[in-house]
Amino acid sequence: METVKKEKLIDFFETMVKIRIFEITVERNFTMGNIYGTAHLAIGQEAVAVGSIRAIKDSDLITSTHRGHAHCIAKGADLNIMMAEIFGRATGYCKGKGGSMHIADFEKGNLGANGIVGGSIGIATGAALAIKKKKSGQIILCFFGDGAVNQGIFHESLNMAAIWNLPVIYICENNQYGMGTNIKKVIKNKNISDRSRAYCIEGLTIDGNDVLEIYNTITKTAEIVREQCIPYFIECVTYRLRGHSIRDSQRYRPKDEAKNWQKFCPIEKFKKYLLDSNLITEKKIKEIENNAGKQVEDAVKFALSSPLPDISKVTEDIYA
Amino acid sequence: MRELSYSESIRECLRQVMLSDERVFIIGEEIGPYGGSFGVTVGLIDEFGSDRVMDTPISEQAIIGIAIGASLLDLRPVVEIMFSDFLMLAFEQISNQAAKIRYMFGGKASVPMVIRTPVGGGIGLAAQHSQSIEALFLHMPGLKIVMPSTSYDAKGLLYGAIKDNNPVIFFEHKLAYQTKGHVPEELYEIPLGKADIKKQGNDITVVATSYMVHKALRVSEKLLKEGISLEVIDPRTIKPLDIESIVESVKKTNRVVLIEEACYTGGFTCYLAAEIVKHAFDYLDAPILRITGLDCSIPYEHNLENAVIPSEKRIEQGIRSLLDR
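Below, the structure written as structure tokens:
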């Protein structure tokens, strides 16, 4: 594996920081009553989105989940338009009709978040089929959580991707919880990646809080998937530092559990690596944080100053 | 004039569309060498190969999911689901994904796919292979629902459905497959949302869907001998619904009978009756009569099955009862 260039590493850090600040800002605005519905935050899982999406080409595709802000930002979404959607504004990605769980950005190759656990696994597999039929040379990353691997469509889709040799990387973000249920209660496998091997799909389990490990693994995997036109499965073991949604009071988990995992925060971990390797200075870190903070604050300003959706248009966009 | 069976006309449409549009492919269980459970796709795999006639595992949910994903990248999948009862296995993908994607994404995506599926009873396949479940999908904004009754309509409507940029469920009645009728050789489109008057008449408007159209036409022939003239209308697509054509007929005849094979409670004709009341209340000289399947699963034994599904006898009796009002 080639050494990753310094600019790339800085970009990983910048993007993870941007996601973290975006998520914290969404959380704060929900508490302040600025956000009407709900949102599922990816705080603690930034490395998965950034490490994997930075390892593919801009022209490649992704499908996302209800916990989709990180994927969306890493794939190049406009923060203003994203925030506007979460605030339910007419200027948002879905004109205020989708909200946090349904942001899609086709121009950037994001085929959409999904409110149904496992709901996008078939869609990603079908997009991979289309890629293969068109011989476009793309690949698709299909993100889903640990909860999704107990859904029927997970098994049906992996089987079809295997028999038809489809260019898709299934990325399971194992954040330990399907809503409030610890994964150990509902999955007997030690590693979720064992399940992919049941369908003759190569599967790996890696540290989902190590952005470099993810980047290197997906880079290597993407090459195989693109060249050999076969599916692959990567389980990224991570931890959801916040509740299931911003409405979750987290009665189900030990109070110190999240605190302990905080030690493995992907951003802190990577920051330490960059500092220890003299790849970044404290000053540069501050600058990155301030810059990201400003971008997110601008996004909030954009959202707040954007018009609410026109009620007379509520029944538009049902049919093409 | 050239005649084709309903299944031949569907096959001819698939073949002609696949020849003219390389984005179109068909996908489903046993549609390749087997030729489809009802033989509709016989021979297509020989002509187009397994890349465009894709046999799948028995995995309805992922079949639909995969078709959605392919359609998002501008392909035009035509799915065959072996029996419409099996749509239940894919209900999530059809209702939460295919139907809602365009709206949820603020109009930024479309899902141009067709789900072809045999519907209805009449051949002794019992409860899990015979139900008429189209009304379930009426509740899903974003879907279109097509129910052709004749060979001619099947070909034209299927082309209309494939050209449409929305997810379309195309219900093919099992008893219609062997019916024959005139079908032009060239590809032609019947736009979705246009009813067809199958027989003009003056005394009573009869709106029937799918195979019930054939039963209504047979009853109308019988009654005509007694001088009773029925106007038989086939909506052809129940969503979008051409309510104007139906209302126009009701305003002429002042009496209306609605016939569908599905269960009595919550069927398509409940909605249709409400629409007729809304648009033509003052023109009605008698209550709207609905003749439907019983609120019962479809039983196996022939006589039991006939008792649940509207028979010609039941249709005739119903229509006669309305004449006396």
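So the sequences go chain by chain: A and B. Read in this note's numbering, the first sequence has 742 at position 293, and its numbers run on one by one without any break. Read in this note's numbering, the second sequence has 249 at position 247, and its numbers run on one by one without any break. Yeah, the Cβ is synthetic: ideal placement off N, Cα and C, and Gly gets one too. All values reported here derive from a predicted model rather than from experimental measurement.
Length of the line joining the Cα atoms of residue i and residue j
i, j, result
"LEU615 of chain A", "ASN168 of chain B", "25 Å"
"SER61 of chain B", "GLN202 of chain B", "45 Å"
"LYS639 of chain A", "LYS633 of chain A", "9 Å"
"TYR105 of chain B", "ASP766 of chain A", "5 Å"
"GLY548 of chain A", "LEU243 of chain B", "31 Å"
"PRO301 of chain B", "ILE278 of chain B", "32 Å"
"GLU684 of chain A", "MET532 of chain A", "29 Å"
"ASP155 of chain B", "GLY144 of chain B", "23 Å"
"ALA848 of chain A", "ALA523 of chain A", "It is not possible to answer for residue 848 of chain A, since the shown part of chain A is limited to 450 through 769."
"MET185 of chain B", "TRP613 of chain A", "The question names Met, but residue 185 of chain B is Val in the sequence shown. Going from the Cα of VAL185 of chain B to the Cα of TRP613 of chain A covers about 37 Å."
"SER7 of chain B", "GLY158 of chain B", "14 Å"
"GLU14 of chain B", "ALA288 of chain B", "44 Å"
"ILE636 of chain A", "LYS762 of chain A", "45 Å"
"ALA748 of chain A", "LEU528 of chain A", "6 Å"
"PRO680 of chain A", "GLU651 of chain A", "8 Å"
"CYS298 of chain B", "GLN133 of chain B", "10 Å"
"ILE737 of chain A", "LEU194 of chain B", "55 Å"
"ALA100 of chain B", "LYS718 of chain A", "41 Å"
"LEU74 of chain B", "GLY30 of chain B", "18 Å"
"SER251 of chain B", "ALA275 of chain B", "14 Å"
"CYS543 of chain A", "THR474 of chain A", "20 Å"
"SER508 of chain A", "VAL80 of chain B", "27 Å"
"VAL745 of chain A", "PHE471 of chain A", "6 Å"
"ALA491 of chain A", "ALA519 of chain A", "6 Å"
"GLU49 of chain B", "ILE760 of chain A", "51 Å"
Anticipated Cβ contact below 8 Å, residue i with residue j, distance rounded
i, j, result
"THR2 of chain B", "MET149 of chain B", "Residue coverage of chain B in this structure runs from 3 to 327, which leaves residue 2 of chain B outside it and unanswerable."
"ALA197 of chain B", "SER247 of chain B", "4 Å"
"ARG538 of chain A", "ALA752 of chain A", "6 Å"
"GLU233 of chain B", "ASN204 of chain B", "7 Å"
"LEU296 of chain B", "TYR266 of chain B", "6 Å"
"ILE620 of chain A", "CYS649 of chain A", "18 Å between Cβ atoms; not a contact."
"ASP595 of chain A", "ASN624 of chain A", "7 Å"
"LYS146 of chain B", "THR58 of chain B", "Actually they are not in contact, since the Cβ atoms of LYS146 of chain B and THR58 of chain B sit about 23 Å apart, beyond 8 Å."
"GLY541 of chain A", "ALA72 of chain B", "At roughly 27 Å, the Cβ-Cβ gap does not stay under 8 Å, so GLY541 of chain A and ALA72 of chain B are not in contact."
"THR654 of chain A", "VAL686 of chain A", "6 Å"
"ALA137 of chain B", "GLY269 of chain B", "5 Å"
"LEU728 of chain A", "LYS455 of chain A", "6 Å"
"ILE28 of chain B", "GLU94 of chain B", "The Cβ separation is near 22 Å, so there is no contact."
"HIS395 of chain A", "HIS489 of chain A", "Residue numbering for chain A in the displayed model covers 450 to 769; residue 395 of chain A lies beyond these limits and cannot be assessed."
"GLY657 of chain A", "GLU622 of chain A", "6 Å"
Check: residue i C-beta below 7 Å from any heavy atom of the ligand GTP
i, result
"ARG118 of chain B", "Because no ligand of any kind appears in the structure shown, any question about the ligand GTP cannot be addressed here."
Pairs of beta-carbons, one from the segment 120-133 of chain B and one from the segment 171-182 of chain B, closer than 8 Å: are there three or more?
yes
Exercise. Which of the residues in the segment 557-568 of chain A, read from start to end, lie with their CB under 8 Å from any CB of chain B?
Worked result: LEU560, GLY561, ASN563, GLY564, ILE565, GLY568
Of all the residues that make up the segment 516-549 of chain A, which are near chain B by a beta-carbon distance shorter than 9 Å? GLU534, GLY541, TYR542, CYS543, LYS544, GLY545, LYS546, GLY547, GLY548
Original post:
Unbroken beta strand (DSSP E) runs of length 3 or more, entirely within the segment 135-196 of chain B: which are they?
Top reply: 146-148, 170-175, 182-184
**Request:** Evaluate the contact criterion for the segment 599-610 of chain A versus the segment 657-664 of chain A: three or more CB pairs, one atom per stretch, below 8 Å.
**Result:** no
Taking Cβ-Cβ distances below 7 Å as the criterion, which residues of the segment 585-604 of chain A are in contact with chain B? GLY601, ILE602
| message | For the segment 256-287 of chain B, list every residue whose C-beta sits within 9 Å of some C-beta in chain A, in sequence order. | response | none
**Q.** Within 8 Å of chain B by C-beta, residues of the segment 571-582 of chain A in sequence order
**A.** GLY571, ILE572, ALA573, THR574, GLY575, ALA576, ALA577, LEU578, ALA579, ILE580, LYS582
* Going along the segment 92-105 of chain B in order, which residues come within less than 8 Å of chain A, judged by CB to CB distance? -> Taking 8 Å as the Cβ-Cβ cut-off against chain A, the residues of the segment 92-105 of chain B that qualify are GLU94, GLN95, ASN98, GLN99, ILE103, ARG104, TYR105.
Anything in the segment 743-758 of chain A with a Cβ closer than 8 Å to a Cβ of chain B? List those residues in chain order, please. none
Restricting to runs no shorter than 3 residues, where is the beta strand (DSSP E) found entirely within the segment 594-622 of chain A?
Segments of the beta strand (DSSP E) lying fully in the segment 594-622 of chain A: there are none.
* Asked: Counting pairs of beta carbons, one from the segment 564-573 of chain A and one from the segment 512-532 of chain A, are three or more of them closer than 8 Å?
  -> As far as the Cβ criterion goes, the segment 564-573 of chain A touches the segment 512-532 of chain A, which means the pair count is three or higher.
Problem set entry | Residues, ordered as in the chain, of the segment 22-40 of chain B that lie near chain A by beta-carbon distance below 7 Å | none
(Q) If we require 4 or more residues per run, which alpha helix (DSSP H) segments fall completely within the segment 673-755 of chain A? (A) 704-711, 715-725, 731-754
What are the complete beta strand (DSSP E) segments, minimum 3 residues, inside the segment 215-257 of chain B?
List check, beta strand (DSSP E) in window: 232-236, 239-241.
field: the segment 44-51 of chain B in contact with the segment 87-101 of chain B per 3-pair CB rule at 8 Å
entry: Fewer than three pairs of CB atoms, one per stretch, sit closer than 8 Å, so the segment 44-51 of chain B makes no contact with the segment 87-101 of chain B.
key: Three CB pairs or more closer than 8 Å across the segment 452-461 of chain A and the segment 500-512 of chain A   = yes
Going along the chain, which unbroken runs of the beta strand (DSSP E) with 3 or more residues stay wholly within the segment 479-519 of chain A? Correct list: 510-512.
Using a Cβ-Cβ cut-off of less than 8 Å, list which residues of the segment 218-244 of chain B approach chain A; keep chain order. Shown here is that no member of the segment 218-244 of chain B has a Cβ falling below 8 Å from a Cβ of chain A.
Practice problem: May I ask you to list, following chain order, the residues of the segment 693-707 of chain A that have a beta carbon less than 7 Å from some beta carbon of chain B? | Solution: none
task: Could you name the residues of the segment 77-90 of chain B whose beta carbon sits closer than 7 Å to any beta carbon of chain A, in the order they occur along the chain?
output: LEU77
- Task: Scan the segment 62-74 of chain B for residues whose Cβ lies nearer than 9 Å to a Cβ of chain A and list them as they occur along the chain.
- Result: GLU62, GLN63, ALA64, ILE65, ILE66, GLY67, ILE68, ALA69, ILE70, GLY71, ALA72, SER73, LEU74
Exercise for review: Identify every run of the beta strand (DSSP E) within the segment 266-321 of chain B, keeping only runs that are complete inside it and at least 3 residues long; order them along the chain.
Suggested key: 291-293
Q | Runs of alpha helix (DSSP H) lying entirely within the segment 12-80 of chain B, each at least 4 residues, in chain order | A | 46-50, 62-74
Uninterrupted alpha helix (DSSP H) stretches inside the segment 523-574 of chain A (no shorter than 4 residues):
528-535
Between the segment 618-644 of chain A and chain B, which residues of the former have a C-beta closer than 8 Å to a C-beta of the latter? none
| said: Under 7 Å, CB to CB, which of the residues in the segment 136-162 of chain B have a partner in chain A? | reply: PRO143, GLY144
What residues from the segment 106-131 of chain B come within 9 Å of chain A, judged by C-beta to C-beta, listed N to C?
Listed by position, the residues of the segment 106-131 of chain B near chain A (Cβ gap below 9 Å) are MET106, PHE107, GLY108, GLY109, LYS110, ALA111, SER112, VAL113, PRO114.
Practice item. Scan the segment 187-207 of chain B for residues whose Cβ lies nearer than 8 Å to a Cβ of chain A and list them as they occur along the chain. Key: Taking 8 Å as the Cβ-Cβ cut-off against chain A, none of the residues of the segment 187-207 of chain B qualify.
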